[in-house]
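Structure first, then comments.
What follows is the structure, given as structure tokens:
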């Protein structure tokens, strides 16, 4: 005969599950949090954009996207929250999600635009923290 799980162990299992869910939610909100374009790291970089890399397998068939040519990334204007605060929440880029947030000295995209990575590097500053590298 199998004994029922004691109540305190049920609570522990539920709290572990809850902690995992909270951690996943926090991780997913990184892309959607509000970012600021006011530090002048790049002169006049006041346009908030959301960006993702071009998927060479699926994107050429997506008629909602611009001509891809030799470009590397797709961008869409970020949603303005206030004078210099933006968010990428609920902004799909074609069939993909947002992978990066930038402040740029570029014209505000009216729809989805395609750019080279060199253009983004020259006229934009990332609002995402750099990835930590491990030393060996």
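Numbering (the numbering used here), first residue to last: 1 to 136. Heads up, the beta-carbon is just placed ideally off N, CA and C, and yes, glycines get one too. It should be emphasised that the depicted structure is a prediction, and the values quoted were computed from it without experimental measurement.
* Could you confirm whether any beta carbon from chain C is found closer than 8 Å to the beta carbon of residue 106? => Within the model displayed, chain C is absent; a lone protein chain is all it includes.
* Quick one: is residue 107 buried, meaning 16 or more other Cβ sit within 10 Å of its Cβ, or exposed? -> Here residue 107 refers to the residue found at position 107 of the chain shown. Result: exposed.
* **Minimum C-alpha distance to residue 33 - residue among 115, 120, 87, 105** => For the purposes of this step, residue 33 is identified with residue 33 of the chain shown, where counting begins at 1. The residue from 115, 120, 87, 105 with its alpha-carbon nearest to that of residue 33 is 87.
* Asked: Which residues mark the beginning and the end of the beta strand (DSSP E) in which residue 120 is found?
  -> As a first step, residue 120 is located in the chain shown; it is residue number 120 there, counting from the start. If you look at residue 120, you'll find it isn't in any beta strand (DSSP E); it sits in the alpha helix (DSSP H) that goes 117 to 123.
* Asked: So what's residue 113 in DSSP terms, helix, strand or just coil?
  -> Residue mapping note: residue 113 aligns to position 113 of the chain shown, counting from 1. DSSP, reduced to helix, strand and coil, places residue 113 within a strand of the structure shown.
* Asked: Does the pairing of the region 96 to 112 with the region 38 to 48 give three or more beta-carbon distances under 8 Å?
  -> Yes, since at least three Cβ pairs between the region 96 to 112 and the region 38 to 48 fall closer than 8 Å, the two stretches touch.
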